[in-house]
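I have placed the structure first, in the form of structure tokens, so that the comments after it can refer back to it.
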Amino acid sequence: MKVKINGQEKIFSGELSLKQLMDELKLDSSKVAIERNLEIIPCSEHSITQLNDGDNIEIVQFIGGG
Amino acid sequence: MQNKFVIAGREFTSRLLVGTGRYKDFTETKQAIEASGAEIVTVSLRRVNLDNTGQGSLQDFIDPKKYTYLPNSAGCYSADEAVRTLRLAKAAGGWNLVKLEVIGDKKTLYPDMVETLKAAEILVGEGFDVMVYCTDDPDLAKKLEEIGCAAIMPLAAPIGSGLGIQNPLNIKEIVQNANVPVLVDAGIGTASDAAIAMELGCDGVLLNTAISDADNPVLMAKAMRQAVKAGRNAYFAGRMRKKEASPSSPTQGKVA
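Residue numbers (my numbering), protein chains in the order written: chain W, 1 to 66; chain H, 1001 to 1256.
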């Protein structure tokens, strides 16, 4: 399965939920926001949302800004 | 009224809002923000760096339970981009309060007011409390208020320029016409600029670079805190009339 995350292509074997992806990337779901194919997936749905081949994922977080 | 500072139904004590950008590290960010006394801090939203996810995050140093995060749409050049960013910010933090900014020009960083008005309408419609960065045009400021923005935030001067208040007449005009808080956002360079904004009657000041780019950011943060309070008090105290010279000491009884 080929998925684009923050502009980078990643390849995964087998099924993967957004929650599992977060664990794999060592990210805290409560501190980021995720968009899949331009649609925001709320934190409460990360574990029931499966990644599909060709998905475009954006993972963002708060950083310093003015 | 003097001490009540209410934004979107929430009361705050500090009228100084500060950014969290441009500091040398998170420790300096934390120290400067503590010294500023600010309760609301602006933050930006950016892609997570996938090659380096183990690092500490802003939230580890600036506790979102202690400070009110005000996510911005900095770097967005269209209404669509800004709305998308602020929806993501809401998903990341769960907050409704946002700072809308739509930039029109890469060099001047001047706001694109057509896109700003468009984005404000969408966000207000979706239930966001929108604090909006805008030009110092009194007519457009009024339009943003009519759309339902929670606070109007005209620039003092271009973002990051530190040039101070370029058009005090317009800022005053916006303040006098507004029924929502007016904050000067962007262009403040030093403490006296913040004091002048408050003397003009602004409800608050939002700044970042004036503190982060000072030689001693923590000391400048303290100075800004004092300046905002001093300016607010001066506004209410009512300044003396400007007039010809008149001595402060009695002319009678001088030794002869």
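Glycine included, every Cβ here is placed at the ideal spot set by N, Cα and C.
Quick one: does L18(W) have its CB under 7 Å from some CB of chain H? On the first sequence, residue 18(W) is found 18 positions in, with the first residue counted as 1. No - not a single Cβ of chain H is within 7 Å of the one on L18(W).
For G1231(H) versus A1195(H), is the C-beta spacing smaller than 7 Å? Here the question's residue 1231(H) lines up with position 231 in the second sequence. Here the question's residue 1195(H) lines up with position 195 in the second sequence. Yes, Cβ-Cβ distance for G1231(H) and A1195(H) is below 7 Å.
Would you mind listing the beta strand (DSSP E) stretches within the region 1032-1101 of chain H that are 3+ residues and don't spill past its ends, in chain order? List check, beta strand (DSSP E) in window: 1040-1047, 1068-1071 and 1097-1100.
Run through chain B and tell me which residues come within less than 7 Å of G65(W), C-beta to C-beta. Here the protein chains are W and H, and chain B is not one of them.
Counted within 10 angstroms of its Cβ, other Cβ atoms place Q61(W) as buried (16 or more) or exposed: Sequence index remark: in the first sequence, residue 61(W) carries index 61 (1-based). Buried, since its Cβ has 16 or more Cβ neighbours within 10 Å.
Is the region 1034-1046 of chain H touching the region 1163-1181 of chain H in the sense that three or more CB pairs, one from each, lie closer than 8 Å? Touching, no.
Beta-carbon separation (whole angstroms), T1209(H) vs G66(W), contact threshold 8 Å: As a working note, residue 1209(H) is residue 209 in the second sequence. As a working note, residue 66(W) is residue 66 in the first sequence. So it is a contact: roughly 7 Å between Cβ atoms.
What does the Cβ neighbour count give for S13(W), buried or exposed, with the cut at 16 atoms within 10 Å? Here residue 13(W) refers to the residue found at position 13 of the first sequence. Exposed.
What is the rounded straight-line gap between the Cα of I1174(H) and the Cα of D1137(H)? Locating residue 1174(H) in the second sequence gives position 174, counting from the first residue. Locating residue 1137(H) in the second sequence gives position 137, counting from the first residue. I1174(H) and D1137(H) have their C-alpha atoms roughly 8 Å apart.
Going by CA-CA distance only, name the one from Q1055(H), I1103(H) and K1066(H) that's closest to D1076(H). Start at 1 with the first residue of the second sequence, and residue 1076(H) comes out as number 76. A small correction: the amino acid at residue 1076(H) is Cys; Asp does not occupy that position in the sequence shown. Closest option to C1076(H), Cα to Cα, is I1103(H).
For M22(W), the nearest candidate out of L1050(H), K1065(H) and L1219(H) (CA to CA): Position 22 of the first sequence, counting from 1, holds the residue named residue 22(W). When each option's Cα is compared against that of M22(W), the closest is L1050(H).
Between the C-alpha atoms of A1237(H) and R1046(H), what's the straight-line distance to the nearest angstrom? For the purposes of this step, residue 1237(H) is taken as the residue at position 237 of the second sequence. For the purposes of this step, residue 1046(H) is taken as the residue at position 46 of the second sequence. Spanning the two alpha carbons is a distance of roughly 44 Å.
Using the C-alpha atoms, what's the distance from P1250(H) back to L1207(H)? Locating residue 1207(H) in the second sequence gives position 207, where the first residue counts as 1. Locating residue 1250(H) in the second sequence gives position 250, where the first residue counts as 1. Computed Cα separation, rounded: 44 Å.
Quick one, which residues of the region 1191-1215 of chain H are near chain W if we go by CB-CB under 9 Å, in chain order? Near chain W, meaning a CB-to-CB distance below 9 Å, the residues of the region 1191-1215 of chain H are L1206, L1207, N1208, T1209 and S1212.
Contact criterion: CB-CB distance below 7 Å. Does R1047(H) meet it with respect to chain W? Looking up residue 1047(H) in the second sequence gives position 47. For R1047(H), a Cβ of chain W is located within less than 7 Å of the residue's own Cβ.
A33(W) bridges to which residues according to DSSP? In the first sequence, the residue the question calls residue 33(W) occupies position 33. Looking at the DSSP assignment, A33(W) forms a beta bridge with V60(W).
Just checking my contact of I1152(H) with A1141(H) at CB under 8 Å: how many whole Å lie between their CB atoms? By 1-based counting over the second sequence, the position of residue 1152(H) is 152. By 1-based counting over the second sequence, the position of residue 1141(H) is 141. Cβ-Cβ separation between I1152(H) and A1141(H): approximately 5 Å, consistent with a contact (criterion under 8 Å).
Under 8 Å by Cβ, that's how I've got A1091(H) and A33(W) pegged, so tell me the actual separation to the nearest angstrom. Here residue 1091(H) corresponds to residue number 91 of the second sequence, with the count starting at 1. Here residue 33(W) corresponds to residue number 33 of the first sequence, with the count starting at 1. About 4 Å separates the two Cβ atoms, so the contact holds.
Name the chain H residues whose beta carbon is nearer than 9 Å to that of E9(W)? Residue numbering aside, residue 9(W) sits at position 9 when the first sequence is read from its first letter. Contacts between E9(W) and chain H, judged by CB atoms closer than 9 Å, are missing: the closest CB pair is about 11 Å apart.
Are there 16 or more other CB atoms within 10 angstroms of the CB of E1011(H), so buried, or fewer, so exposed? The sequence position of residue 1011(H) within the second sequence is 11, counting from 1. Classified as exposed, E1011(H) has fewer than 16 neighbouring CB atoms from the shown chains inside 10 Å of its CB.
Whole-number beta carbon distance between V1043(H) and I63(W), since they are thought to touch under 8 Å: Position 63 of the first sequence, counting from 1, holds the residue named residue 63(W). Position 43 of the second sequence, counting from 1, holds the residue named residue 1043(H). Indeed they touch by this definition, with Cβ atoms about 7 Å apart.
Is DSSP giving E9(W) helix, strand or coil here? If you number the first sequence from 1, residue 9(W) lands on position 9. Strand.
The region 23-46 of chain W: which residues have C-beta closer than 7 Å to a C-beta of chain H, in chain order? Answer in chain order: L25, K26, L27, K31, V32, A33, E35, I40 and P42.
Given G1009(H) as reference, the closest of T1029(H), Q1031(H), N1096(H) and I1033(H) once Cα atoms are compared: Within the second sequence, residue 1009(H) is the residue found at index 9, counting from 1. The shortest C-alpha separation from G1009(H) is found at N1096(H).
For chain W, check one thing: does any of its Cβ atoms lie closer than 7 Å to the Cβ of T1053(H)? The residue labelled residue 1053(H) in the question sits at position 53 within the second sequence. T1053(H) counts as touching chain W.
Which residues DSSP lists as bridging S17(W), in chain order: Taking the first sequence and counting its residues from 1, one reaches residue 17(W) at position 17. In DSSP, S17(W) forms a bridge with Q50(W).
Indicate whether G1148(H) and V1124(H) have their beta-carbon atoms separated by less than 7 Å. Position 148 of the second sequence, counted from the first residue, corresponds to residue 1148(H). Position 124 of the second sequence, counted from the first residue, corresponds to residue 1124(H). Cβ atoms of G1148(H) and V1124(H): closer than 7 Å.
So with CB distances below 9 Å, who are the chain W contacts of Q1031(H)? Counting from 1 along the second sequence, the entry for residue 1031(H) is found at position 31. Under the 9 Å cutoff, chain W gives no residues; its nearest Cβ is about 14 Å from Q1031(H).
Coil, strand or helix - G1238(H) by DSSP: For the purposes of this step, residue 1238(H) is taken as the residue at position 238 of the second sequence. Of the three classes helix, strand and coil, the one that applies to G1238(H) here is coil, per DSSP.
Let me know if N1233(H) comes out buried or exposed under the rule of 16 or more other beta-carbons within 10 Å of its beta-carbon. The count along the second sequence starts at 1 and reaches residue 1233(H) at position 233. Label assigned to N1233(H): exposed.
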